[in-house]
Amino acid sequence: MLCHHHELRRKELAIKFASKMAVQCELSEEEGGMLSMKEIASLEQQYAVQRKLGRCLLRLQQYEMLLKVLVTHSEIEGPNAQLEALRDKKAFSVQKMTMGALVGMLTESYLSPEQETEGPDKPVPGSGGPWTKMRFQAGLSPEQSESAGEALDELVKLRNELVHHFLQLFDVWKADGCVAAEAYLDNSYETIDGHFITLRGWAQSMEQTRAMLASFTATSAFENILVHGIMPDGSVIWPMSGAVSCLREAESKFAIDGWVKLNTATAWIRDEYAEQQPQR
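Following this line, the structure appears as structure tokens:
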């Protein structure tokens, strides 16, 4: 990383030197003169403004790249068999979004105040097959969420000023304009970098949570929840219970006038699903 930085700095200095020499040669040929110290100082100020503007824009691009990753993975919903394809589709769609649109999505999903989860007995969307809805949230209070949203709106405004209106705000062909522009860009970079550090913290937290979730799904406790409806504390979510599901399947096979003999159902369950016992 350090070597790369030095290489970029070397190229930057080389370009700067070549630009100065080109200007000096042009003046020497056309006017028979060289750049004065004042003119060279003016060029130095303009180069400083350009460098600091570039630094801000590069940091903003880093922020937008990370923002797209966070938005892509913060929420996903759909049939289990299609989750990966749905995530890829979402990742592709966010690549063309503006920073303002991305911030809006982040605010509505990841930064929104904590909401009550849907009950297990709520009908599953779609027609048939397991359905998963996964959502990561920052866990902010309503006040914190509102404050974070306002700060992000200010960042979008700052980004638009730097990209679209910078030369309207500062006359960089004058010394005082360069001085004002440098101060503005220093403050801007500090703001952008602070937002980037915050966003990186959110992304790291989400990645850690995803890793913990992936580890948990490989345990018998998760299998008991998903397959048998048995929670770690021993309580049972009956609509998800494997035994109840088996009884319902037996009902669909052997029902007569809406009724099934229990002995018939349990005998069939023992043959077809030995691990499920109605005594559960």
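Heads up: the sequence shown runs through residues 509 to 788, numbered per the working numbering. Even glycine gets a Cβ: it sits at the ideal position worked out from N, Cα and C. Owing to the predicted nature of the structure, the values given are computational and were not obtained by experimental measurement.
State the beta-bridge partners of residue i as determined by DSSP.
i      : result
Trp767 : Ile764
Val744 : Ile738
Gly586 : Thr640
Which residues in the same chain have their Cβ closer than 8 Å to the Cβ of residue i, if we skip the five residues on either side of it in sequence?
i      : result
His703 : Tyr571, Ala659, Leu660 and Leu663
Once the 5 residues before and after residue i are set aside, which same chain residues still bring their CB inside 6 Å of it?
i      : result
Trp746 : Val752
Leu610 : Leu575 and Val579
Ala599 : Thr580
Which first and last residues belong to the alpha helix (DSSP H) in which residue i is found?
i      : result
Trp710 : Ala683 to Phe724
Glu654 : Pro650 to Asn668
Gln784 : Counting along the chain, Gln784 falls outside any alpha helix (DSSP H), and DSSP gives it neither H nor E.
Asp679 : Unbroken run through Asp679: none, as it is neither H nor E.
Val602 : Leu591 to Val602
Thr615 : Met607 to Glu616
Ala729 : Ser728 to Glu731
Could you tell me which of the options sits nearest to residue i, measuring between CA atoms?
i      : options                           : result
Glu757 : Ile777, Thr706, Met739 and Trp639 : Ile777
Gln716 : Gln645, Leu614, Thr606 and Phe600 : Gln645
Arg595 : Glu583, Ser649, Met714 and Thr772 : Glu583
Leu670 : Ser696, Leu648, Val680 and Met613 : Ser696
Glu700 : Met642, Arg567 and Val557         : The identity of residue 700 in the sequence shown is Ile, whereas the question assumes Glu. Among Met642, Arg567 and Val557, the Cα nearest to that of Ile700 belongs to Arg567.
Gln569 : Leu734, Ser601 and Met605         : Met605
Gln603 : Gly586, Val577 and Glu592         : Val577
Pro740 : Leu648, Ala729 and Ser749         : Ala729
Pro587 : Trp639, Ala722 and Gly750         : Trp639
When we look at the beta-carbon of residue i and count the other beta-carbons within 10 Å, is it buried (16 or more) or exposed?
i      : result
Phe678 : buried
Leu770 : exposed
Ser653 : buried
Ala773 : buried
Arg667 : buried
Gly634 : Note that Gly634 has pLDDT 49, beneath the 50 cutoff, so the model's placement of it is unreliable and no number is given.
Just curious, the beta strand (DSSP E) that residue i is in, first and last residue?
i      : result
Lys641 : Trp639 to Arg643
Considering only residues of the same chain and omitting the five flanking positions on each side of residue i, which have a CB-CB separation below 7 Å?
i      : result
Glu690 : Ala556, Val557 and Lys560
Ile738 : Asn732 and Val744
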